[in-house]
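First residue of the sequence shown: 54, per this note's numbering; consecutive thereafter. Glycine is no exception: its CB is placed at the ideal position from the N, C-alpha and C atoms. Computed from a prediction, not measured in an experiment: that's the story for all the values here. See below for the structure under consideration.
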Amino acid sequence: MLRDVLDRIDRGLPLGRQDLRTLLLAESPADHAAVIAKAGEIRKRQLGNTVYLRGLIEVSNICAKDCYYCGIRKSNPGIVRYQMSEQEVLEEAEWIWCQRFGSLVLQGGENTSSEFIALIERLVRAIRDLSHGELGITLSMGEQSEATYRRWLAAGAHRYLLRIETSDPKLYSQIHPRDPAHSWETRRDCLRRLRDVGYQVGTGVMIGLPFQTVDDLVDDLVFFQEMDIDMIGMGPYVIHHETPLAKMAPEFSARKKEEQLCLALRMIAAARILLPDVNIATATALQALRDDGRDQGIQAGANVIMPNVTETRYRRSYQLYDNKPGLDDAGGETWDRIRTRIEALGYTIGYNQWGDSQHFHRRQPKS
Ligand code: SAH
Numbered sequence: 054m055l056r057d058v059l060d061r062i063d064r065g066l067p068l069g070r071q072d073l074r075t076l077l078l079a080e081s082p083a084d085h086a087a088v089i090a091k092a093g094e095i096r097k098r099q100l101g102n103t104v105y106l107r108g109l110i111e112v113s114n115i116c117a118k119d120c121y122y123c124g125i126r127k128s129n130p131g132i133v134r135y136q137m138s139e140q141e142v143l144e145e146a147e148w149i150w151c152q153r154f155g156s157l158v159l160q161g162g163e164n165t166s167s168e169f170i171a172l173i174e175r176l177v178r179a180i181r182d183l184s185h186g187e188l189g190i191t192l193s194m195g196e197q198s199e200a201t202y203r204r205w206l207a208a209g210a211h212r213y214l215l216r217i218e219t220s221d222p223k224l225y226s227q228i229h230p231r232d233p234a235h236s237w238e239t240r241r242d243c244l245r246r247l248r249d250v251g252y253q254v255g256t257g258v259m260i261g262l263p264f265q266t267v268d269d270l271v272d273d274l275v276f277f278q279e280m281d282i283d284m285i286g287m288g289p290y291v292i293h294h295e296t297p298l299a300k301m302a303p304e305f306s307a308r309k310k311e312e313q314l315c316l317a318l319r320m321i322a323a324a325r326i327l328l329p330d331v332n333i334a335t336a337t338a339l340q341a342l343r344d345d346g347r348d349q350g351i352q353a354g355a356n357v358i359m360p361n362v363t364e365t366r367y368r369r370s371y372q373l374y375d376n377k378p379g380l381d382d383a384g385g386e387t388w389d390r391i392r393t394r395i396e397a398l399g400y401t402i403g404y405n406q407w408g409d410s411q412h413f414h415r416r417q418p419k420s
């Protein structure tokens, strides 16, 4: 019963798989609202009502991977491939800094070429210098060698996002090509490597994938806990019409957007309840399902938002899924809208702050 689980939470008792399952299955409007409210309460108690910003720059859509769900997969011939110039990236970084965002994220397709690795290293260093070390720098560049992770850390990056996509190796193999370039174990090992090297580590999953069960989602939550993760970025799976997964599971397209959104929101809420001191980002994909989806993510317990500041002319080429929001917005427009909404909901924006994961600092050995 949901009431018993909420009661366990109030009494500070540990939650088991069955409890997490109950939270995720709380589908009736009243139960759903109770789960979201509980997560909101915990977030407020643990983290206050500050929302931290990370300006997102989509540096390149050139990708070596062929993930069955993703619009920028290598085998999609329907998109123009781009790589932003150093100057373009630095201009956006400067804008983010001037807006007092506190942090930025450089994200891109997976590229392990030595030119690309050196480019990211130069960019990280230049961003650190132009902001006098004030901007927090997060990278999201997929699976790389330990040496590369170390180089980027030494240049000044300190957080890394690498979604495991699903904690179930079998489901992973259903949504990726079965070849050594798409190995669940390698991805998990990268998460361990990032942690050993010294990053604040973020991971996440797609919620509501074809073939995915509620028990898979419970396992995902336990995976975050067992991997002792610092940050979570997860959002609903959203179809991209030109991908194999859209064709493999046609009946899936019929699933209602609203159901998909609500499941994702309960997953965020369950993560907040289970792991009160981690940072959780509200995913842009929530907004692909409903105009105010990202705001709802904050109300469900997320404390980080990543406004897209990528130059408008590149946005169309970085569509991971259909219906990506803000395609024609200038960076400033997306941000104005986000700011107005966050403030209207009664949250405070953490200007000029890194907004590190409390969990990360807690797990550092005390000196
Ligand atoms: N190459 C980087 C990051 C780019 S993709 C990396 O490997 O980490 C960023 C994230 O977008 C992916 O981790 C995936 O979870 C998400 N994504 C891709 N296609 C999606 C889709 N159709 N629906 C929802 N999320 C998707």
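- Taken in chain order, the whole beta strand (DSSP E) runs of length 3 or more contained in the segment 323–352 are 332–335.
- The Cβ-Cβ distance between Leu262 and Tyr290 falls below 9 Å.
- Taking a C-beta distance under 9 Å as the contact criterion, Phe277 and Leu328 qualify as a contact pair.
- Relative to the Cα of Ser113, the nearest Cα in the group His412, Arg107 and Val158 belongs to Val158.
- Short of 6 Å from the beta carbon of Ala353, and not among the five residues preceding or following it, lie these beta carbons of its own chain, in chain order: Ile89, Ala92, Leu318, Ile321 and Ala322.
- Inter-residue distance for Lys300 and Ala79 is about 30 Å (C-alpha atoms, whole angstroms).
- Cβ-Cβ distances below 6 Å link His235 to His229 in the same chain, with the five nearest sequence neighbours on each side left out; the list follows chain order.
- Distances between the C-beta of Glu295 and the heavy atoms of the ligand SAH are all 8 Å or more.
- In this structure, DSSP gives Val133 a state outside helix and strand, which the three-state scheme calls coil.
- A direct Cα-to-Cα measurement between Gln406 and Gln152 gives close to 12 Å.
- The segment 278–288 makes no contact with the segment 64–81: fewer than 3 CB pairs, one atom from each, lie closer than 8 Å.
- In this structure, Leu192 sits away from Glu147, with a CB-CB distance that is not shorter than 9 Å.
- Between Gly195 and Lys118, the gap from beta carbon to beta carbon is short of 9 Å.
- The ligand SAH has no heavy atom closer than 8 Å to the beta-carbon of Val362.
- Within its own chain, the residues whose Cβ lies closer than 8 Å to the Cβ of Leu215, once the five positions on either side in sequence are excluded, are Ser193, Gly195, Glu196, Arg240, Cys243, Leu244, Leu247, Val254, Gly255 and Thr256, listed in chain order.
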